[in-house]
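Trainee:
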Amino acid sequence: MSPIAGSSAESPTEFDEQLLNLLSRCAAADASALQRLYELVSPILFACLARILRRRALAEEALQDVFVSIWQRAGQFSATRGRPMAWMMSIARYRAIDLLRHERHVPALVPDLPERLAAQPEAASEGESPAWLPPSGLLEHCLALLTERQKHCLELAFVGGNSHEDISRLTGSPLGTVKSWIRRGLQSLRQCLEADRAVK
Amino acid sequence: MKQDNPELVDRLAAEYVLGTLRGPARRRFERWRTNTPHVDQRCRYWEEHLMHVAKGLNPVQPPAYVWPAIRKRLNLTADRSPRRWARSWALAASLVLVAGLAGLLYWRSLPSVRPTATSTIAAKSGGEIWQVEVFGTTNRLVVHAAKLPAHPAGRDYELWALPKNGNPVSLGVLPTEGTSTRALTAIQKAALASSSQVAVSIEPPGGSPTGQPTGDIVFVAPLRASG
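Chains as they are written, first to last, in the working numbering: chain R, 1 to 200; chain W, 1 to 227.
In structure tokens:
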């Protein structure tokens, strides 16, 4: 068995189960479940928001919006909709990206992002996944196949909330080049993920 | 957007999730996702996978005022200090389970727990869209989604009580599938008690930002006392 075959992205972890349970209690209007959920996931969601929005006050405001949304939409989430953490992180990231649209006056790009965000591939063993992230040897493996530039662009976009134009400015590379790094990076990721599925 | 080329759908979904799809194209794609299950499925695929790109992100504790602010916005009352909560978590979880089972059995054995008011929101053609049930004795609002019309582009449906004297009072965003149950606040309960109708408006995702309907009112239905 390949070392990655066991870490299918589909099998729910104990943490997933805990989040699912809390979300279904939120759907039944149990406020203590929302509080527990807040204790568990607000630090990572806040980190996401702060990184994209770059202004603490705005991120604090957005965090409130995100938990109001989670509470209101908890009834629409079910296990068939995948991992609860991915769902909540998406709510946060999309909210932040929407806010960026309205906050054009945000002090232009603070170039504090180019530091490496992803763990080095060799350090990416299952045990080292942070608590909020389900282990995925497969994803680590596929990300490691990308070029450094592709990976860096994906991080600047996903984690930093940077647009194609922002990334072009931050990396000093032409816009067209950035677009194609990203497009090819995503393409390679998909091919790698699908290849693994085809093998199974 | 009518392109159904799977490669293109996948590419757009990936760039949408990544965040590099911006501007009007992002908003168009959001609408497409809301209305199209296979597009939604590709987005969820990328959401689950790309989440790992943020692996190196370090959690940051938000300031203490944020949680009470959320509680206030949602009119929630239950609270415990986080420390006590952590200590009594296991005990509380088992108590909740036992109480939940007991409650369920009790509920089922009680033919008298019926909605105090109901409303059927239906399309002009007569097809039921939502069934709204108010449980006045237990302060619960239960909404069953039946067959929804084409979902409004990237928007939510919001339910309103229409009290005889005064402005509409929000009863929250309506589910697009399944059943939602939520607690009624004192204000919502009072508004329902003096309403003979409920209304549905189209609002930005998550509901009206102003506390009053901002979009078109698409349905108005009678609210009937029962039970």
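Even for Gly, the Cβ is constructed at its ideal location relative to N, Cα and C.
Does the contact criterion of 3 or more C-beta pairs under 8 Å hold for the stretch 14-23 of chain R versus the stretch 21-41 of chain W?
Mentor: no
Trainee: With 16 as the cutoff for other CB atoms within 10 Å, does W/T20 come out buried or exposed?
Mentor: Looking at its Cβ environment, which holds 16 or more other Cβ atoms inside 10 Å, W/T20 is buried.
Trainee: Any contact of the stretch 180-191 of chain W with the stretch 206-214 of chain W, i.e. 3+ C-beta pairs under 8 Å?
Mentor: no
Trainee: The stretch 159-190 of chain W: which residues have C-beta closer than 8 Å to a C-beta of chain R, in chain order?
Mentor: G172, V173, P175, T176, E177, G178, T179, S180, T181, R182, A183
Trainee: Let me check one thing: in DSSP terms, what residues is W/A117 bridge-paired to?
Mentor: DSSP lists W/V134, W/A225 as partners of W/A117.
Trainee: Taking 8 Å as the limit between beta carbons, can you name the residues of its chain near W/A150, skipping five residues before and five after?
Mentor: Once the five neighbours on either side are set aside, the close Cβ partners of W/A150 are N35.
Trainee: Along the chain, where does the beta strand (DSSP E) that runs through W/Y157 open and close?
Mentor: Where W/Y157 is concerned, the enclosing beta strand (DSSP E) stretches over 156-163.
Trainee: Mapping the DSSP letters down to three states, classify W/R33 as helix, strand or coil.
Mentor: helix
Trainee: Exposed or buried, which one is R/Q191 when buried takes at least 16 other CB atoms within 10 Å?
Mentor: So R/Q191 counts as exposed.
Trainee: Do you know whose CA, among W/P152, W/V53, W/P115, lies nearest W/V143's CA?
Mentor: Closest option to W/V143, Cα to Cα, is W/P115.
Trainee: Closest to W/P63 by CA distance: which of R/V66, R/A57, R/D65, R/F67 is it?
Mentor: R/A57
Trainee: Who are W/G172's beta bridge partners in DSSP?
Mentor: W/L159
Trainee: When you compare each of W/K72, W/G166, W/V173 to W/A145 by their alpha carbons, which one comes out closest?
Mentor: Answer by Cα proximity: W/V173.
Trainee: Which term fits R/H105, buried or exposed, when burial requires 16 or more other beta carbons within 10 angstroms of its beta carbon?
Mentor: Reliability fails at R/H105, whose pLDDT of 46 lies under 50, so the model's placement of it is uncertain and the value that follows must be treated cautiously. Looking at its Cβ environment, which holds fewer than 16 other Cβ atoms inside 10 Å, R/H105 is exposed.
Trainee: Under the three-state reduction of DSSP, which class applies to W/S180: helix, strand or coil?
Mentor: Strand, per DSSP.
Trainee: Quick one: what does DSSP say W/F219 is sitting in, helix, strand or coil?
Mentor: strand
Trainee: Could you say if the stretch 44-63 of chain W and the stretch 23-31 of chain R meet the contact criterion of at least three C-beta pairs nearer than 8 Å?
Mentor: They do not touch, by the three-pair rule.
Trainee: Classify R/A29 as buried or exposed, calling it buried when 16 or more other Cβ atoms lie within 10 Å of its own Cβ.
Mentor: Burial of R/A29 is indicated by the presence of at least 16 other C-beta atoms within 10 angstroms of its C-beta.
Trainee: From this set, W/A161, W/Y157, W/S125, W/N139, which residue's C-alpha is nearest W/S119's C-alpha?
Mentor: W/A161
Trainee: Give the secondary structure of R/S78 by DSSP, where H, G and I count as helix, E and B as strand, and everything else as coil.
Mentor: coil
Trainee: If we call anything under 7 Å between Cβ atoms a contact, is R/L40 one with R/A96?
Mentor: no
Trainee: Run the CB neighbour count on W/D216, radius 10 Å, all protein chains shown included, and call it buried at 16 or more, exposed below.
Mentor: It is exposed - the Cβ of W/D216 has fewer than 16 other Cβ atoms within 10 Å.
Trainee: Specify the secondary structure class of R/S69 as computed by DSSP and reduced to three states.
Mentor: helix
Trainee: Using the beta-carbon count (16 or more within 10 Å), is R/H102 buried or exposed?
Mentor: exposed
Trainee: In chain W, which residues lie less than 8 Å from R/P43 when you measure between Cβ atoms?
Mentor: P59, V60, Q61, P62
Trainee: Of all the CB atoms in chain R, is at least one closer than 7 Å to the CB of W/T20?
Mentor: yes
Trainee: Below 8 Å, can you find three or more Cβ-Cβ pairs linking the stretch 174-188 of chain R to the stretch 142-154 of chain R?
Mentor: yes
Trainee: Looking at W/L184: is its Cβ nearer than 7 Å to the Cβ of W/L141?
Mentor: Cβ atoms of W/L184 and W/L141: closer than 7 Å.
Trainee: How would you label W/H52, buried or exposed, when you count the other beta carbons within 10 angstroms and need 16 or more for buried?
Mentor: In summary, W/H52 is buried, with 16 or more beta-carbon neighbours lying within 10 Å of its beta-carbon over all protein chains present.
Trainee: Assign W/S226 to buried or exposed, taking buried as 16 or more other Cβ atoms, counted over all protein chains shown, within 10 Å of its Cβ.
Mentor: exposed
Trainee: List the residues of chain R whose Cβ lies closer than 8 Å to the Cβ of W/W67, in chain order.
Mentor: Going along chain R in sequence order, the residues near W/W67 (Cβ under 8 Å) are Q35, Y38, S42.
Trainee: Kindly list, in the order they appear in chain R, the residues whose Cβ is closer than 8 Å to that of W/G206.
Mentor: D65, V68, S69, Q72, R73
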